[in-house]
Amino acid sequence: MARRGRFTPYLMILPSGLWLTALFVIPLVVMVSLSLQTGNLIDGFRQTLHWQNYTESLDTYGDKFVRSLWYGLLATVACLVLSYPAAYWIAFRGGHTKSTYLFLLLLPYFVPFVLRTVSWKLVLTDNGQILGPLRDHGLVPAGFHVLDTGFAVVSGLAYNFLPFMVLPIYVALERIDPRLVEAAYDLYASRTQVFGRVLLPLSLPGVFAGVVMTFVPASADYVNAEVLGGPRNTMIGNVIQSEYFGNSAYPVASALSFVLMAILLLGIVIYARALGTRGVLEAAG
Amino acid sequence: MTITDPAFLRGLVRPRMARSTVSRRQAVQLLGAGLALAACGIEGQGGQEKVSQTDVQRYWSSKARTGRLSWANWPGYMQDDHETIKAFEKATGIKVSYKEVIQETGPWFGKIQAPLAAGQSIGFDLMVMTNGIQLEKCRQLGYLAPLDRSRLGNFAAHAGPGFKNPPWDPGNSFTVPYQSGITGIAYNTRYVKDEITSIAQLFDPAYSGKIGMMGDSQELGNFGMFLLGVDPEKSTPADWERAAAKLREQRDKGIVRKYYNQDYVDAVSKGDVWLTMAWSGDVYSLTSPDVRFVVPKEGGTLWTDNMCIPKTAENPVDAMTLMDWLYMPANNAPLTEFVNYITPVPATKQIVAADAAKATGNDRRDLTRLSTSPLVFPSETDLARLRYYRRLTQAEETKYQGVFGPITKGS
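Listed in order, the protein sequences are those of chains A and B. For the numbering used here, add 538 to where a residue sits in the first sequence, where the first one is 1. For the numbering used here, add 53 to where a residue sits in the second sequence, where the first one is 1.
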C-alpha cells in the first residue's frame, strides 16, 4: 500500500496535466513558432525567425494595447465600486435569503454573453426608448449618442464581468467571523474603524482575486468593442481576432497574442508583488 | 475544511519553493520539445487552378443523393416565409436546412478555413460567397468541389451572358452565381433632407458621426478609390495608398460612426447612421421604407455572390440539384421578386412583369417597380457605370490588406 501511495499524487495530477499539455502547452509552443514565421495560406508558412512580426505589429497596433489595458482598468474599477457594496450587503444583511439575492444577481448571466451585449445595442440605439425621449426633451444634446463610444464599451465590459468580482468578494466577506466584529465594537471601535481595520483587510483576498479575474478577461475581450464600440474603440482582442480569422495572418496574430499575454502576466506579477497574495493572506489570518 | 478556509487558499496560491522549480535537466528537455515543435511550419495548401474532367469524375463518382441539404447564406437572401425553399422541397423531395450565417466574407472564411484545411465537414453543403479575396482563396486552396457540368442543364440554358464563364471562375469550374448586386449608398430620408448622389457626400463633415462605411477591406478600399476617380479594377498600389489616406482622414475627423458588416441595415433603419455604404437589394428587403438606395455618380461596384460546394460537403448531389433548379426562370422569379438583387436568370424579367400585370394594388405597384427597376434589371448604360472588384494575386492581396485592413481597426 505504501508503495502505491507514492504514485497517488501523480495519478491525481495526470488528467489535468495531460489536458493542459494537449490544449495549452502545445498550442502555446506552436504559437511561439508561428509568431516568427512568414508566409501566407496559399504558399504556406515557413520558419524564418522573422522578429519583425513583433516590431511591425507593435508599431501598427501599439496604441490598441494601451487602450485595452485602460478599458480593462476602468471596467475593473467600475466593477469593484459596484460589487463591493452589493457583496457586503448580501453577506451581512442578506439574512436567510442570501442565496436568493445571489441567484438574482447571477440570473442575467444565464443569458449568453453575446446576446446580452447585443441586447444593449437594441436598448441604447440613438432613437431608442432611452435616448429618443431624452433628446426630445432637450436633456441631451442633439448629437449625443452612447453606442459606438468608449463609454459604451467600458460599461459593457463592467456589466459582463461583474460576477467575477462580486463572487470572490462575497465569499471573502461571508466567511468573516461575526464575533470579530463584535469584539471590535467591544473594544470601542467606531463603525468606520470596524470597516477599515477589520472587515476591509479580511476581505482583501476576495478583492485581489476579483480584480485579477475581471481585469484579465476584460482587457483581452473583443465582443464588447465589436458590438458596442466604434472605430476609435478598437481593442487588441479585435485586432487579433480579425488578423487571425479575417486575414489568416497567423504570424502577426500570434505575435500580438504573445505581447498581450506578456503584458498581462507582467501586470499580474507586479500587482501580486505590490498587493501580494502573501500579505493579503496574512492579513486574512 | 471548506473551500474558503484560509489554510486551503494559502496552499493553493503560495509557491512551494522546494518542489516548484524546474530542474535544469527538465528545462533542457522542455526546450528540446519546444524546438522540435517550433521547427515545423504550416504546409502551403495551394491546389491546382484548373480542373480536368477526371477530377470531376473522381469527385462525383462516389457521391449519391441523400435527400438532405444544408445551406449557408446571407441575411435578406430568401423570402421571410422561405417560399422558394418550400417550392424546392416540394419539387425534389430534398429537405433543406437553411441558415443565414454569413455576415461578411472575411470572417466567414476564417470560420470555415480550419475545418476545410483538415478535410472536415463545415456542416454545410452549399454556401454563397462574393467574388472577392476569400472566394479566390477557397478556389486556390482546393476547398471547393469541382462542379459537374452535366448536372447543370438549366444553368446552361438560362444563365445570362455576364454570369457564364465569369473572370473570377473561368468556365464556372467551381461556382454558379446566386445573385449580383451593387454596392452604393443608402440614406434615411427621415434624417437626410438633401439629395444624396455621390460618394463625396460620405466624406462631408456636415454628417459627422452619422456615416457608416463597410468593414470589408475590398468594399471600403473601392469607395476610397471611387472618390479619387480611380477604377478599382485597374488600380495600382499607389492608388491604394492615396485612397487609404482619404479614408483615414474621414475616420480621424470623426465622420465615420462605425465600420459595418451586414448589420448596417439596422443602423440605417433606426437612424444610428443617416448615410451608409450599402448593398442594393438589402435596402428593399431589409431596411425601413424611409431608406433609399443610390448608385453614386462616381460609380458603384458590381459584385456577384456565388453558390459553391465545400469539398467536404456531405450532400453535394443535393446541393447541385438546388443550384440547377434555381436556374429555371419560373423557380427563380419569386426569389427575385423578394430579394431585389440582379438575378443571373434574365428570363425572370418577363415572369415578374407578367406577375405584375396579374397583381393588384400595392403588389402590382411593387412588382412593376421591380420589373422596371434599373437596380434589379440594370440597363447596359447603368452596367457601364459600374466597376468590378480587382482580382488580387497573393502578393497584391498581402499588400492590399496591409493598406486597408488597419483602417477599420483605428490604426
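Every residue gets a Cβ at the ideal spot worked out from N, C-alpha and C, and that includes glycine. Bear in mind the structure is a predicted one, so any value in this text is a computation, not a measurement.
- Using a CB distance below 7 Å, the part of the segment 310-337 of chain B facing chain A consists of R310, K311, Y312, K323, G324, D325, ordered along the chain.
- With a threshold of 7 Å between beta carbons, R304 of chain B makes contact with chain A.
- Of all residues in the segment 578-599 of chain A, the ones placed with a Cβ closer than 7 Å to any Cβ belonging to chain B are N578, L579, I580, D581, G582, F583, R584, Q585, T598, Y599, in chain order.
- Assigned with DSSP and collapsed to three states, M773 of chain A falls in coil, not helix or strand.
- Counting along the chain, no beta strand (DSSP E) covers E142 of chain B; the unbroken alpha helix (DSSP H) around it starts and ends at 136-145.
- Neighbours of D686 of chain A in chain B, taken as residues whose beta carbon is under 8 Å from its own, are R310, K311, D325 in chain order.
- Three or more Cβ pairs closer than 8 Å define a contact, and the segment 728-736 of chain A falls short of that threshold against the segment 422-432 of chain B.
- Here the alpha carbon of V750 of chain A sits roughly 19 Å from the alpha carbon of Y626 of chain A.
- Linking A747 of chain A to V392 of chain B through their CA atoms gives a straight-line distance of about 53 Å.
- Under the criterion of beta carbons closer than 8 Å, Q254 of chain B and L300 of chain B do not qualify as touching, at roughly 15 Å.
- For P459 of chain B, the enclosing alpha helix (DSSP H) stretches over residues 447-461.
- For P387 of chain B, the closest Cβ of chain A is not nearer than 7 Å.
- Contact between Y380 of chain B and A212 of chain B holds, with the beta-carbon distance rounding to 6 Å and staying under 8 Å.
- Within the segment 438-458 of chain B, those residues whose Cβ lies closer than 7 Å to any Cβ of chain A are, in chain order, Q447, T451, Q454, G458.
- In terms of Cα proximity to V104 of chain B, the closest of B:H135, B:T228, B:K323 is B:T228.
- Under the Cβ criterion of 7 Å, P160 of chain B is counted among the residues facing chain A.
- Interface residue (Cβ-Cβ distance to chain A less than 7 Å): Q156 of chain B is not classified as such.
- Here the alpha carbons of M278 of chain B and Y697 of chain A stand approximately 41 Å from one another.
- Q403 of chain B has a beta carbon lying at 7 Å or more from every beta carbon in chain A.
- The continuous stretches of beta strand (DSSP E) do not include P223 of chain B, and DSSP gives it neither H nor E.
- Interface criterion met: the Cβ of Q193 of chain B is under 7 Å from a Cβ in chain A.
- The C-alpha of A406 of chain B lies about 29 Å from the C-alpha of V149 of chain B.
- Q454 of chain B is classed as buried because its beta carbon has at least 16 other beta carbons within 10 Å across all chains shown.
- In this model, K152 of chain B and Y130 of chain B are separated by some 11 Å (Cα to Cα).
- In the displayed model, G172 of chain B falls within coil according to three-state DSSP, outside both helix and strand.
- DSSP assignment within the segment 235-277 of chain B yields the following whole beta strand (DSSP E) runs of 3 residues or more, N-terminal first: 264-267.
- Here DSSP, grouped into helix, strand and coil, assigns K148 of chain B to strand.
- Between R654 of chain A and chain B, the shortest Cβ-Cβ separation is not below 7 Å.
- Burial of P349 of chain B is indicated by the presence of at least 16 other C-beta atoms within 10 angstroms of its C-beta.
- In the three-state reduction of the DSSP assignment, E720 of chain A falls in the helix class.
- At least one CB atom of chain B sits nearer than 7 Å to the CB of F783 of chain A.
- Counting of Cβ neighbours within 10 angstroms places T461 of chain B among the buried residues, the total reaching 16 or more.
- Secondary structure in the segment 158-217 of chain B: the beta strand (DSSP E) runs of 3 residues or longer, each lying completely within the stretch, are 179-183 in chain order.
- A Cβ-Cβ separation of about 5 Å places M360 of chain B in contact with Y231 of chain B under the 8 Å criterion.
- With a cutoff of 7 Å on beta-carbon distance, V398 of chain B and P382 of chain B are scored as near each other.
- For S464 of chain B, the closest Cβ of chain A is nearer than 7 Å.
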